[in-house]
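Report on the following structure.
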Amino acid sequence: MDLTKLTIKQSHDGLVAKEFSAKELTEAFLARIKKEDTKIHAYLEITADLAQKAAAEADDKIKAGENIGLLEGVPCAIKDNLLVEGKKCTAASKILADYIAPYDAAVVKKLKSAGAVILGKLNMDEFAMGSSTENSAFGPTRNPHDLERVPGGSSGGSAAAVAANECVYALGSDTGGSIRQPASFCGVVGLKPTYGAVSRYGLMAMASSLDQIGTLTKNVADCRAVFEVIKGKDPRDSTSASFPQATKFKLEAKNLKIGLPKEYFAKGLDKEVEKLVRQAIDKLVKQGARVEEISLPHSEYALACYYIIMASEVSANLARYDGIKYGYSAGADQKQETNNLLDVYLKSRQHGFGDEVRRRVMLGTYSLSFGYYDAYYLRAQKVRTKILSDFSQAFDKVDLIMTPVAPTPAFKLGEKIDDPVTMYLSDIYTVPVNLAGVPALSLPCGQVEKLPVGLQIIGKHFSEELIFQAAELAEALIKGGNPLYN
Ligand code: GLN
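Okay, here's the thing in structure tokens:
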């Protein structure tokens, strides 16, 4: 049996039945990473010591006849913008190349308390800015389905690691699509929870009104299992919220009303992608679900609105990397000449940040500056309110909205890197969800010439359980999810 192919539930059952130990499971993954990751480069660092310690603890409990939780002894990996105490946390940036995390992020602490085995830290676009993982200062990650293609981004390492069986599940972050788009490109399940559903304490901030931590897993059941552990209010993140206690229900397709926004099934959407997405929805319709065309009329402004708000927040959040407080300092770099404090600031940022990060800091500083604030930032905030109200009105009519995740399957490495606007367009269906703060899940729904395609399922605030149940219905109807682990 290849242990690296198992889901969380299968791993758990095997551990409980003593078919294998947590140590054997962990070693199987460490061996697989060693073999596969030279090609894929999903990992920036392996934390074998942490993993082996957690595995031994799980094995002790099993040996002692104690009950273990679902995540206990099961190997996972963490995007490198989430702090794991005592380990490097680089956000894939040169400016943090040697930065050691002084504490655990809230989600990491929760996973550790649940007995998770943390295998390592995963590659990403620098500070989560990008859609291909090519913006990593430490080299790109490759798509396990086709090594010439990108895994998506910015959580490309997370999606690739799960797809390539280099961990059972992973954590990522999603500011404008960074969990869902790579999940779609790699054929795994990706969840961006409701804004505030998961504490962001210990997540390196990109754009604070949009950032959310979420999961990448092999199936919907695993997604629910990890989300249950990481969700919840945390006094250290004032934007986090208690999850309303949902009344238990069992969804049947015949009770489901799905909205298809006409603005998403329009020009620019790859025909093959559209076909697969529509086929998946048709399968639910055959089971009795109803569909209705809806309109999200401000969709055409979403990308522009996102790129103003996000960049503005980026410029504020990244001001802390000044060459003094954290990480790389031109002042301590023998190769740099610095004559005064301003020189240290400027040169640390110039040499520490990559092109895309500097581009966004400049755009954001500009749109927040005196004289431009009203025309850009304030205007974008007003558009954001319109986008939110589009979603609220849609959810008066339908239970869930279904759309493609990205307009195309995974593109080739290098194909879009020199043209930022084309790259930004790959987020067109995902950014409105972050602007509105609603939850959305990316579910594999087939392949175009072996390249996975995702169906996006969007719900109201805090409707994760409904999303899971609808996704499980669809998952059962769609055959042949991810060929890599089927
Ligand atoms: N690709 C988007 C961007 O570059 C989304 C990033 C993200 O969600 N972190 O902004």
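First residue of the sequence shown? That's 131 in this note's numbering, and the numbers climb one at a time after it.
Even for Gly, the Cβ is constructed at its ideal location relative to N, Cα and C.
What you are looking at is a predicted structure, and each value in this text was computed from that prediction instead of being measured.
Checklist entry - Can residue 304 be considered in contact with the ligand GLN, in the sense that its beta carbon sits closer than 6 Å to one or more heavy atoms? => result yes
Next on the checklist: Contact between the region 452-467 and the region 476-491 is defined here as three or more beta-carbon pairs at a separation below 8 Å; is this criterion met?
Outcome noted: yes
Checklist entry - From residue 362 to residue 394, what does the alpha carbon distance come to, in whole angstroms? => result 32 Å
Item to check | residue 552 (DSSP reduced to helix, strand or coil) | outcome: helix
Item to check | Backbone CA spacing between residue 306 and residue 562 [nearest angstrom] | outcome: 8 Å
Checklist entry - Looking at C-beta atoms only, is the number of pairs between the region 183-191 and the region 236-247 that lie closer than 8 Å three or more? => result yes
Checklist entry - Counting Cβ pairs, one atom from each stretch, are 3 or more of them under 8 Å apart for the region 554-561 and the region 422-438? => result yes
Checklist entry - Does the beta carbon of residue 131 fall short of 6 Å from some heavy atom of the ligand GLN? => result no
Item to check | For residue 529, three-class secondary structure by DSSP | outcome: coil
Checklist entry - Between the region 517-529 and the region 287-297, do three or more beta carbon pairs fall short of 8 Å? => result no
Checklist entry - What residues are listed by DSSP as bridge partners for residue 572? => result 320, 586
Item to check | Cα-Cα separation, residue 217 to residue 238 | outcome: 12 Å
Checklist entry - DSSP three-state call for residue 615: helix, strand or coil? => result A caution first: residue 615 carries a pLDDT of 47, below 50, which makes its placement in the model too unreliable to give a value.
Checklist entry - With 16 other CB atoms within 10 Å as the buried threshold, where does residue 311 fall? => result buried
Checklist entry - For residue 136, does the three-state DSSP call read helix, strand or coil? => result coil
Checklist entry - For the ligand GLN, is there a heavy atom less than 6 Å away from the beta-carbon of residue 210? => result no
Checklist entry - Where residue 235 and residue 205 are concerned, what is the direct C-alpha to C-alpha distance, given to the nearest angstrom? => result 18 Å
Checklist entry - Between which two residues does the beta strand (DSSP E) containing residue 421 stretch? => result 420-424
Item to check | Range covered by the alpha helix (DSSP H) that runs through residue 546 | outcome: Note, residue 546: premise wrong, no alpha helix (DSSP H); not H, not E.
Checklist entry - Say the cut is 6 Å; is the CB of residue 308 nearer than that to a heavy atom of the ligand ATP? => result The ligand ATP is not among the ligands present in this structure, which contains only the ligand GLN.
Next on the checklist: By alpha-carbon positions, which one of 540, 595, 382 ends up nearest to residue 355?
Outcome noted: 595
Item to check | Three-state secondary structure assigned by DSSP to residue 147 | outcome: coil
Item to check | Helix, strand or coil at residue 184 according to DSSP, with G and I counted as helix | outcome: helix
Next on the checklist: I'd like to know whether the C-beta atoms of residue 303 and residue 335 end up nearer to each other than 7 Å.
Outcome noted: no
Item to check | Rounded distance between the beta-carbons of residue 389 and residue 528, thought under 8 Å | outcome: 3 Å
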